[in-house]
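**Student:** Input: one structure, supplied below.
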Amino acid sequence: MPARPYIEYRDVHVVYSNGVKGLDGVSLQIQRGEFVFFVGETGAGKSTLLKLLSREEHHCEGEVRLDGQELSDFSEYNLHRLRRQMGVAPQDYDLLPNKTVWENVAYALRAVGRSRREVFDRVPKILLQVNVAHRADAFPSQLSGGEKQRVVIGRALINEPPLLLADEPTGNLDAAQSEEIMRLLADLNARGTTVLVASHDLPTMEKFSKRIVCLERGKIKEDLGG
Amino acid sequence: MPARPYIEYRDVHVVYSNGVKGLDGVSLQIQRGEFVFFVGETGAGKSTLLKLLSREEHHCEGEVRLDGQELSDFSEYNLHRLRRQMGVAPQDYDLLPNKTVWENVAYALRAVGRSRREVFDRVPKILLQVNVAHRADAFPSQLSGGEKQRVVIGRALINEPPLLLADEPTGNLDAAQSEEIMRLLADLNARGTTVLVASHDLPTMEKFSKRIVCLERGKIKEDLGG
Amino acid sequence: MVDRIAFIFVEALQAMRRNVTMSIAAISTCGLALFLLGGISLVYVALDSWGQSLSGKFEMRAYLKDGVKPPEISKVAGEIRSMPGVKAVFWIPRDKAWEREKVKYPKEVSQGLENPLPDAFKIVLSDLNQADAVEQSVQRLPQMDPQNPIQYLKAEQELVEQSRSFLRWLAGSLGALLLLTAGVLIYNAIRMTVFSRRKEARIMRLVGASLFTVRVPYMIEGTLHGLAGGALACFLLWACQLSLQNRLEAFTALGQLPPFPAGAAFLVLGGIGALYGFLASWIALWVPMRS
Amino acid sequence: MVDRIAFIFVEALQAMRRNVTMSIAAISTCGLALFLLGGISLVYVALDSWGQSLSGKFEMRAYLKDGVKPPEISKVAGEIRSMPGVKAVFWIPRDKAWEREKVKYPKEVSQGLENPLPDAFKIVLSDLNQADAVEQSVQRLPQMDPQNPIQYLKAEQELVEQSRSFLRWLAGSLGALLLLTAGVLIYNAIRMTVFSRRKEARIMRLVGASLFTVRVPYMIEGTLHGLAGGALACFLLWACQLSLQNRLEAFTALGQLPPFPAGAAFLVLGGIGALYGFLASWIALWVPMRS
Ligand SMILES: Nc1ncnc2c1ncn2[C@@H]1O[C@H](COP(=O)(O)OP(=O)(O)OP(=O)(O)O)[C@@H](O)[C@H]1O
Ligand SMILES: Nc1ncnc2c1ncn2[C@@H]1O[C@H](COP(=O)(O)OP(=O)(O)OP(=O)(O)O)[C@@H](O)[C@H]1O
Ligand SMILES: [Mg+2]
Ligand SMILES: [Mg+2]
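Residue numbers (my numbering), protein chains in the order written: chain A, 1 to 226; chain B, 227 to 452; chain C, 453 to 743; chain D, 744 to 1034.
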């Protein structure tokens, strides 16, 4: 094991405003280039674990380090520096409601400073890749659940980030499409991207035989190397 | 087969504003007390089929009848008469964002004219049944994906409707919990409720061996009696 | 029934409490709109009473024939006093007038002269619009001297009268405009609160709420926003009146402000606010929900 | 760089276009607030120029010593004319004054009398505030008759002057109040538009947009709302001016309205609107995003 892990949780506690324990002492190390599944019952803390990395949630105790840097060091002001190192596909597929599919994906490119040219170059490709090219001009409210989910994944991939956080990326997809998406993630992983996926989709996970971290009530129950 | 089916689709077409075909000539009969799974790829039209029954979407051709009554006969004004005959659990778990879990479920009771007494009587029971009683005071934004999903199902059950429409009710639940929810639905079904479920969850469906209607691009591909 | 009403009201109050930002914005917008409306109404009232006090300062002078005796004079004075638009009539005996004249031109004018002035009435008008009518009626009285026409500061009076009626008209039409403006402002604010929660209305409908059950809480909420805005406007007006009163003391010629009608102001502004809020939410419910 | 700026602007314009309801509400609220503000400013200007024309109507009369010769008289008239607050000076020769007096009291007053009146100046004031100073300076001139004091309608003048300055003060403070009120109204409207899209700002941040990239489009949008509101206000004012002009023709004594300063109004109202919109969105971005 190298000296410095890419991602490190050290005795992390998260307590939500109403006293609910999101995480209750999690310690975990993830190396660059790993592919990790997080599993566990609803409310076990999978989303919380991922949200800590994108700093949508804050830990109140312990340390969360990405590439050696403690995440509490990122202020609201320079948060985008952190988030440009990762692609995020949230569980409740948050798309910009007043932008079309195309614009939603393009925004993620433009927001990080890419040019219009790059947008015209990259967006159609990624839409094809996640299989929603035919719905490019639809607004999110006009999409089916699975289509939204694929757009969110496309948006997370568009910047080819070194780290990918996908929260329940296949909840609304059938087995065939789940596998397709998972294969996409595995491909990215093979090219060096670190991929963290929260999922309930056991059959698909079994096919890929990657590392599986099992959470229960905010604690790590099992950590099965792939 | 009895003379009049409970639910009847007759050559139904749905074309969305941008020319997308939601349903492309669906004919289907469902008897009172049936339990039907709708399966199919994303964008196949499962949600559209269910939304037609709750009249969240309108068909432009053909007939949709519930208990013999054509649904286009319900105007915006008396839509609640239709909706009080069914419980709806939408795919994108629409909860009232400014109400707690308890209030969300209570609202569904109050909205159909039940008294405060009934609310205090029924709500705790249903929350226990769908296993979110411990989060009763949380707002939807404070719930995990699976918790939201279970609240939506609880809300759909609370009025003990004769018809239940559940759109992807287990997308964010693990296998054990999916089965639990499905068993709840099957129990209701056994007591006479007609249950229609759109789902991708093949393993669970197989366990229950009910009727499965398979959609593809807005058309019925297969109809396997349970 | 009571249970239903309680449910609807609780819904409305909860929505207000849980949407603090929007509620504050809506209430303060209603409040300011009504404050402007109330302000212009008070200005109108003040201008009116001030104008009335102004016209009281205007008077005309009518000259009697030679040799009309005092009892006759007081009879005529009584007649004039009873004319519409006349506030007061004073008899100015020729001797007194001559004395004043002497003071006015102390040099040679009055030196050794016999009093050449006629007896006269000073007629104070209460309504400048009636000036011409009063003039004609008085002139027609048999006791008056037809050769010696009535004098009054016609041009000045006209100026003051027209200024006053113009200011009143200005305040009045500004008021009407503000009534409209306040309506639109309140409508905008309430439409925004309704619009920002249009998704919620959809969900409520989905679980079986009737249009009535969904909409009435919005309308109660809008009405309460308007009412609260009215109260806010009332408070602001009262504060303004206080500071205005201090300021007015410097203008000795203008007299005092009438006292602030707190109760009436609250009733009127609260009423208008509530009405507007009600109508605004009612209209707002029809417009965006169809989109 | 150009590409970045284009991106930010396109974002702002798209947001306006895709949120029609909110944009309409924000723009019309800004427009009405600025309309009221512009209206009160125009009223202020009109009142001021009207007041100025009023004071020109007030005059005093100063009496010369006996026997001052015409060349001397015109010299003195020139001196008086150069005093501050004096608009015009007319010499009223004693003969002319006597003739008028004869017409005024045609009966016995002037019968067979020798002209007892002195030579006089009619002094028209341009600034009523200077009346006392003018009076004293004129009285102190050696050519004036110290026994025959200057006459002017002091009480009336004071009334008019105080009314005028009060109205000006009223319009001025109403204007200041409206400046504040318009600010709050615009802030509310823009805060509501920002608030209703707070979720979007969160998503934008999530995909890596900097605070700058998220906020500047909102601020451009707010500024444009304010600017559009200014244009709307301008149009409303112009319409009002037109209808006011028609109405004013009935008030012959009041003179004409100054022409509507369309260009200046647009610059000022648009400028204030844009500034307010900018500030409002800037503040609004700080407040709700923390909640
Ligand atoms: N913002 C919040 N405020 C309060 N409690 C929260 C909040 N977010 C999550 N929780 C609670 O924290 C616990 C962990 O939530 P989390 O979203 O991490 O679960 P999860 O493992 O992702 O579940 P799921 O599989 O349902 O998505 C849950 O009990 C949830 O209710
Ligand atoms: N409001 C809408 N406007 C336009 N197109 C729509 C709208 N709603 C759905 N569609 C399109 O209609 C098709 C069918 O949608 P539907 O939601 O029924 O699919 P689904 O079978 O439920 O898929 P999923 O499994 O992803 O939920 C999709 O291509 C979708 O993009
Ligand atoms: Mg989760
Ligand atoms: Mg669906």
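Glycine included, each C-beta is placed from N, C-alpha and C at the ideal position.
Give a yes or no on whether 8 Å exceeds the smallest Cβ distance from residue 938 of chain D to chain C.
**Tutor:** Yes, because at least one Cβ of chain C sits closer than 8 Å to the Cβ of residue 938 of chain D.
**Student:** Counting only the same chain and skipping the five closest in sequence on each side, list residues whose C-beta sits under 6 Å from that of residue 146 of chain A.
**Tutor:** Taken in chain order, the residues that qualify are 172, 173.
**Student:** Pull up the distance between the alpha-carbon of residue 804 of chain D and that of residue 866 of chain D, whole angstroms please.
**Tutor:** Rounded to the nearest angstrom, the two C-alpha atoms are 6 Å apart.
**Student:** Taking residue 144 of chain A as the reference, which of B:353, B:308, B:393 has the closest Cα?
**Tutor:** It is B:393 whose Cα lies nearest to the Cα of residue 144 of chain A.
**Student:** Hey, quick one: how far does the alpha helix (DSSP H) through residue 178 of chain A stretch, first residue to last?
**Tutor:** Per DSSP, residue 178 of chain A belongs to the alpha helix (DSSP H) from 175 to 190.
**Student:** Could you tell me whether any non-hydrogen atom of ligand 1 is closer than 7 Å to the CB of residue 112 of chain A?
**Tutor:** Not under cutoff, so the answer is no.
**Student:** Compare the beta carbon distance of residue 420 of chain B and residue 259 of chain B with 8 Å and say whether it is the shorter of the two.
**Tutor:** Their beta carbons are under 8 Å apart, which means residue 420 of chain B touches residue 259 of chain B by this criterion.
**Student:** Going straight from the alpha carbon of residue 1033 of chain D to that of residue 78 of chain A, what length do you get?
**Tutor:** In this predicted model, residue 1033 of chain D has a pLDDT of only 46, less than 50, meaning its place in the structure is not dependable; the value taken from the coordinates is given anyway. Approximately 16 Å between the Cα atoms of the pair.
**Student:** For residue 463 of chain C, which residues in the same chain have their Cβ closer than 6 Å to its Cβ, ignoring the five residues on either side in sequence?
**Tutor:** Excluding residues within five positions, the ones whose Cβ falls inside 6 Å are 669.
**Student:** How about residue 38 of chain A and residue 213 of chain A: do their beta carbons lie closer than 8 Å?
**Tutor:** Cβ atoms of residue 38 of chain A and residue 213 of chain A: closer than 8 Å.
**Student:** Taking beta-carbon pairs under 7 Å, can you tell me which members of the stretch 160 to 179 of chain A lie near chain B?
**Tutor:** Correct list: 168, 171, 172, 173, 174, 175, 177.
**Student:** Given the structure, does residue 176 of chain A come close to ligand 4, in the sense that its CB is under 7 Å from one of the ligand's heavy atoms?
**Tutor:** Not under cutoff, so the answer is no.
**Student:** Residues of chain D with CB closer than 7 Å to the CB of residue 110 of chain A, please, in chain order.
**Tutor:** The answer, in chain order, is 750.
**Student:** Taking only beta-carbon positions, decide if residue 475 of chain C is within less than 8 Å of chain B.
**Tutor:** For residue 475 of chain C, the answer is no, since every Cβ of chain B falls outside 8 Å of its Cβ.
**Student:** Using the DSSP secondary-structure output, state which residues sit across from residue 13 of chain A in a beta bridge.
**Tutor:** Answer is A:24, A:61, bridged to residue 13 of chain A.
**Student:** Does the beta-carbon of residue 748 of chain D have 16 or more other beta-carbons within 10 angstroms, so that it is buried, or is it exposed?
**Tutor:** Its Cβ having fewer than 16 others within 10 Å, residue 748 of chain D is exposed.
**Student:** Quick check: the Cα distance between residue 338 of chain B and residue 660 of chain C, rounded to an integer number of angstroms?
**Tutor:** Rounded to the nearest angstrom, the two C-alpha atoms are 6 Å apart.
**Student:** For residue 194 of chain A, report the span of its alpha helix (DSSP H) as first-last.
**Tutor:** No alpha helix (DSSP H) holds residue 194 of chain A; the beta strand (DSSP E) holding it covers 194 to 198.
**Student:** Express the C-alpha separation of residue 434 of chain B and residue 409 of chain B in angstroms, rounding to a whole number.
**Tutor:** Between residue 409 of chain B and residue 434 of chain B, the C-alpha separation is close to 9 Å.
**Student:** Any beta carbon of chain B sitting closer than 8 Å to that of residue 667 of chain C?
**Tutor:** For residue 667 of chain C, the answer is no, since every Cβ of chain B falls outside 8 Å of its Cβ.
**Student:** If you follow the beta strand (DSSP E) that residue 219 of chain A is part of, which residue opens it and which one closes it?
**Tutor:** From DSSP, the beta strand (DSSP E) with residue 219 of chain A extends over 219 to 224.
**Student:** Taking 8 Å as the threshold (beta carbon to beta carbon), is residue 202 of chain A in contact with chain B?
**Tutor:** Output row for residue 202 of chain A: interface = yes.
**Student:** Closer than 7 Å: is that where the CB of residue 244 of chain B sits relative to any heavy atom of ligand 2?
**Tutor:** Indeed, a heavy atom of ligand 2 lies less than 7 Å from the Cβ.
**Student:** DSSP on residue 368 of chain B, reduced to helix/strand/coil?
**Tutor:** In the structure shown, residue 368 of chain B sits in a helix (DSSP, three-state: H, G or I).
**Student:** Only counting the same chain, and skipping five residues up and downstream in sequence, which positions put a Cβ closer than 8 Å to that of residue 216 of chain A?
**Tutor:** Contacts found: 40, 41, 44.
**Student:** Please report the straight-line C-alpha distance between residue 1013 of chain D and residue 55 of chain A, rounded to a whole angstrom.
**Tutor:** Computed Cα separation, rounded: 41 Å.
**Student:** Please say whether residue 678 of chain C and residue 725 of chain C have beta carbons closer to each other than 8 Å?
**Tutor:** Yes, they are a contact pair.
**Student:** Do the stretch 466 to 479 of chain C and the stretch 909 to 922 of chain D meet, that is, are 3 or more Cβ pairs less than 8 Å apart?
**Tutor:** Touching, no, given that fewer than three Cβ pairs across the two stretches are closer than 8 Å.
**Student:** Answer yes or no: do residue 290 of chain B and residue 308 of chain B have a C-beta to C-beta separation smaller than 8 Å?
**Tutor:** No. Outside cutoff.
**Student:** Measuring only the C-alpha atoms, how far is residue 272 of chain B from residue 246 of chain B?
**Tutor:** Going from the Cα of residue 272 of chain B to the Cα of residue 246 of chain B covers about 14 Å.
**Student:** Would residue 985 of chain D be called buried (16 or more neighbouring beta carbons within 10 Å of its own) or exposed?
**Tutor:** It counts as exposed.
**Student:** Between the alpha carbons of residue 160 of chain A and residue 192 of chain A, how many angstroms are there, rounded?
**Tutor:** Distance between the alpha carbons of residue 160 of chain A and residue 192 of chain A: 10 Å.
**Student:** Residue 46 of chain A: beta carbon under 7 Å from a heavy atom of ligand 3?
**Tutor:** Flag set: Cβ of residue 46 of chain A near ligand 3.
**Student:** Given residue 1 of chain A, which residues of its chain have a CB within under 6 Å of its CB, disregarding the five upstream and five downstream residues?
**Tutor:** Unreliable placement is indicated for residue 1 of chain A, whose pLDDT of 49 sits below 50; the coordinate value is still reported in the next sentence. Excluding residues within five positions, none has a Cβ falling inside 6 Å.
**Student:** Let me confirm a value: residue 149 of chain A is counted as buried when at least 16 other C-beta atoms fall within 10 Å, else exposed. Which label applies?
**Tutor:** With 16 or more Cβ atoms within 10 Å of its Cβ, residue 149 of chain A is classed as buried.
**Student:** Output needed in chain order: residues of the stretch 92 to 103 of chain A with a Cβ under 9 Å from some Cβ in chain D.
**Tutor:** Taking 9 Å as the Cβ-Cβ cut-off against chain D, the residues of the stretch 92 to 103 of chain A that qualify are 94, 95, 96, 97, 98, 99, 103.
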